[in-house]
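What follows is one structure encoded as structure tokens, with my remarks underneath.
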Amino acid sequence: MKSPEEIFELLKNEFGEAILGLDKETPTEPIISIDSMQIHLVGAFLRDNLELKFDSLMVLSGVDDANGTKTKDEDGADMISGGTLSVYYHLHSTNLKHKITLKVSTQRENPQIESVYNIWRTSDWHEREAFDLFGIIFLNHPDLRRILMPYDWEAGYPLRKDYKNPEFYKGMKVPY
Amino acid sequence: MGLLDKEFSDGNIVIAKVDDLMNWARLSSIWQLGFGLACCAIEMMATSASHYDFDRFGVIPRNTPRQADAIIISGTVTLKMATRIKRLYEQMPDPKYIISMGSCANCGGPYWEHGYHVLKGIDRVIPVDVYVPGCPPRPEALLEGLLKLQEKIRNESLRKKIT
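Sequence lines, in order, name chains D and V. Per the numbering used here, the first sequence starts with residue 4, numbered consecutively. Per the numbering used here, the second sequence starts with residue 7, numbered consecutively.
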């Protein structure tokens with residue numbers, strides 16, 4: 004069983020610059036921030052290292068940080084430019100009984116994150132969901148298409164804070 | 007049913023209008039499309055099971071729209087599902103009836119404002135005969151909805167479907 008500080012030190016020694024920081028001031032578990040292009044390497048290390056053995060990805064979830072500049076368009080609807088989208092990875096070691104949370108942030112305008120599909124197969128549908136609802140592109144995911152919304156949904160990504168629902172979908176009125 | 011009281015005292019002969027006979031046949035065996043969407047479907051299954059026994063009204067779930075007379079929209083209709091429901095409805099032979107069960111199918115229910123994925127009422131896609139309110143409606147409510155539908159069918163005429 005390793006404490007978050009020990010896990011952070013192990014990662015820092017192995018990857019250096021790719022490990023961006025450890026946030027302990029969270030109400031839940033401490034969060035380690037990782038570079039978005041290195042997450043698959045860090046993930047493989049976390050799973051295979053004999054002192055860590057993070058064999059289970061409990062959940063992978065997307066978040067719109069909404070920390071860019073907020074403006075109003077001509078209809079008075081919110082628009083956000085700049086800022087970041089984030090993905091959180093909640094890991095658990097069923098063998099060593101410890102947990103850790105990883106965070107990866109990416110640019111809102113071109114959100115790209117390396118997929119961890121080859122490390123934890125759980126992430127297959129979770130990454131598709133984050134893609135579906137936030138538009139985050141997971142590089143090297145084998146089957147990155149929408150999972151919940153219709154395949155031909157063209158109105159954007161519904162859980163982004165500046166999402167605008169369309170008036171019609173295939174002739175069906177969408178608003179109440 | 008308004009048929010047996012016209013029986014002659016001897017012999018197995020009943021005199022009836024064709025309208026009454028057809029309506030009686032139709033309303034006594036409303037075969038529903040076996041199909042459920044959300045938590046309302048659990049109540050619908052409870053209604054079909056032995057305690058409430060949908061079958062005593064002649065309601066049997068069928069596995070294909072081509073053999074079904076009625077479709078019970080039992081739950082939240084997403085936009086994705088709505089396209090499929092429309093297609094199923096179009097495959098059913100006339101006469102066909104629709105019971106909209108529960109708040110979601112009636113008007114979007116709790117998803118009416120922020121449900122970006124929910125169709126706000128199945129009547130935007132297909133014509134509904136009976137609306138059953140509730141979230142979800144208890145089996146008794148669904149049974150009453152069915153009785154209302156039977157009442158509606160009883161007053162139909164062969165010349166013209168009552169809408």
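Note that the Cβ used here is the ideal one computed from N, Cα and C, for glycine as well.
Apart from sequence neighbours up to five positions away, the residues of its chain that approach D:G71 with a beta-carbon distance below 7 Å are I83, S84, G85, G86 and R111, ordered along the chain. Relative to the Cα of V:D135, the nearest Cα in the group V:I79, V:L125 and V:P142 belongs to V:I79.
Counting only Cβ-Cβ distances below 7 Å, D:M175 has contacts in chain V at L85, A88, L125, R130 and V131, in chain order. In the structure shown, D:G65 adopts extended strand secondary structure according to DSSP, grouped into three states. In the three-state reduction of the DSSP assignment, V:V83 falls in the coil class.
V:V138 and V:F60 have their C-alpha atoms spaced approximately 16 Å apart.
Assignment of V:Y117 by DSSP, reduced to helix, strand and coil, places it in the helix class. Around the Cβ of V:Q156, a 10 Å sphere holds 16 or more other Cβ atoms; the residue is buried. At a cut-off of 9 Å between beta carbons, D:L151 contacts chain V. Judged by beta-carbon spacing, D:I42 lies beyond the 9 Å limit of D:Y120, meaning their Cβ atoms are not closer than that value.
The stretch 39 to 58 of chain V makes contact with the stretch 73 to 93 of chain V; the number of CB pairs closer than 8 Å reaches 3 or more.
Around V:E96, no beta-carbon contact reaches into chain D at under 9 Å, the shortest distance being about 14 Å. The beta carbon of V:K154 sits closer than 7 Å to those of V136, all from its chain and outside the five residues before and after it, given in chain order. Contact between D:K164 and D:D67 is confirmed by a C-beta separation of about 5 Å, below the 8 Å threshold. Contact check between the stretch 127 to 146 of chain D and the stretch 60 to 70 of chain V: fewer than three CB pairs, one atom from each, fall below 8 Å, which does not count as touching. Under the 10 Å beta carbon count, D:T74 is surrounded by fewer than 16 other beta carbons and is classified as exposed. Contact between V:G114 and V:G121 holds: their C-beta atoms lie close to 6 Å from each other, under 8 Å. Judged by beta-carbon spacing, D:I10 lies within the 9 Å limit of D:I35, meaning their Cβ atoms are closer than that value. V:T53: member of the alpha helix (DSSP H) spanning C45 to S54, first to last residue.
Counted as a single uninterrupted DSSP element, the beta strand (DSSP E) harbouring D:F141 occupies residues I140 to L142. A direct Cα-to-Cα measurement between V:C45 and V:P142 gives close to 7 Å.
Per DSSP, the unbroken beta strand (DSSP E) holding D:Q115 starts and ends at Q115 to E117. Using a Cβ distance threshold of 9 Å, D:T97 and D:S59 count as a contacting pair. According to the DSSP secondary-structure assignment, D:L94 is paired through a beta bridge with D:L60 and D:I103. In the three-state reduction of the DSSP assignment, V:I132 falls in the coil class, being assigned neither a helical nor a strand state.
A distance below 7 Å between beta-carbons, with the five flanking residues on each side excluded, links V:R160 to the following residues of its chain, in chain order: N29 and L33. Secondary structure of V:K154 (DSSP, three-state): helix. For D:L25, the enclosing beta strand (DSSP E) starts and ends at I22 to D26. Taking a Cβ-Cβ threshold of 7 Å, the residues of chain V close to D:Y179 are G114, W118, E119 and K126, in chain order. Across the set V:K86, V:T70, V:K126 and V:T89, the C-alpha of V:T70 shows the shortest separation from the C-alpha of V:P99. In this structure, V:V131 and V:I91 form a Cβ contact; the two beta carbons are roughly 7 Å apart against a cut-off of 8 Å.
Here D:R124 is exposed. Its C-beta has fewer than 16 other C-beta atoms within 10 Å.
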